[in-house]
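In our numbering, the protein residues as written are 3 to 260. Following: one structure in structure tokens, then a few remarks.
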């Protein structure tokens, strides 16, 4: 009955409304305003409201005046009741002009559990300097979650990276495969202030059938046990849907927007 309910609501939501789907740690959340559903040990249904605002700025281009989008903000909020009850809030802000940036946060508080997520991105290219950063965070309870902060920088022909991954800090060389520093190969050393770690990684665009995707993976291990490999990897889909699958040390989270 639970599978049938989410399947029917999912089909209706995808056809009629825009929204998002999340799956992690035996939790399913479907937020397609005005509908909201949470599936864990039981079923909870609620109402959702979302709004977005785009701000424009007038720019002078010679004798012409051009109005361009400058900034976009959005808010989504939900109340739900059932075997579980609580609130869900998502807020975000996107700067559409250079330097481009994006920030979002999600708060979920219920009778049974709570979780928090955040995502931020930043890109700027000025003369010989290029900087590309991204930060993602998920925390549910005490045992489920991840934390990733990465920075790629290039100055003239020199490039490198800083990576903070689940409490371990890495520095190393980044070989870029494009000017945006999105794609590349990296390798370096890190530490959690108790042990020294080795780290390698790769980031690359690829196509799968009609999907445009981007994949990344980071592998690291302690120098005290080089065969005790840890990993953090992900695939995000950029077209025609938008979503991301994240896998780390045997755990997985998945979400997509439409």
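Quick reminder that beta carbons are idealized off the backbone N, C-alpha and C, glycines included.
Candidates 172, 175, 22 and 29: closest to residue 146 by CA position: 29
Same chain, Cβ closer than 7 Å to residue 230, five either side skipped, listed in chain order: 223 and 224
Reduced DSSP secondary structure (H/G/I, E/B, other) of residue 95: strand
Short check: CB of residue 177 to CB of residue 169, under 8 Å? no
Mapping the DSSP letters down to three states, classify residue 248 as helix, strand or coil. strand
Could you tell me the alpha carbon to alpha carbon distance between residue 254 and residue 140, rounded to whole angstroms? 11 Å
Residue 72, enclosing beta strand (DSSP E) - first and last residue: 66-84
Using DSSP bridges, identify the partner residues of residue 140. 119 and 148
When DSSP builds the beta bridges, which residues end up paired with residue 261? With the chain running from 3 to 260 in the structure shown, residue 261 is simply not present.
For residue 178, does the three-state DSSP call read helix, strand or coil? strand
Please classify residue 113: does DSSP put it in a helix, a strand, or coil? coil
Do residue 221 and residue 237 have their CB atoms nearer than 8 Å? no
Do residue 44 and residue 85 have their CB atoms nearer than 8 Å? yes
Rounded C-alpha distance that separates residue 99 from residue 227: 46 Å
Beta-bridge partners of residue 135, as assigned by DSSP: 124 and 153
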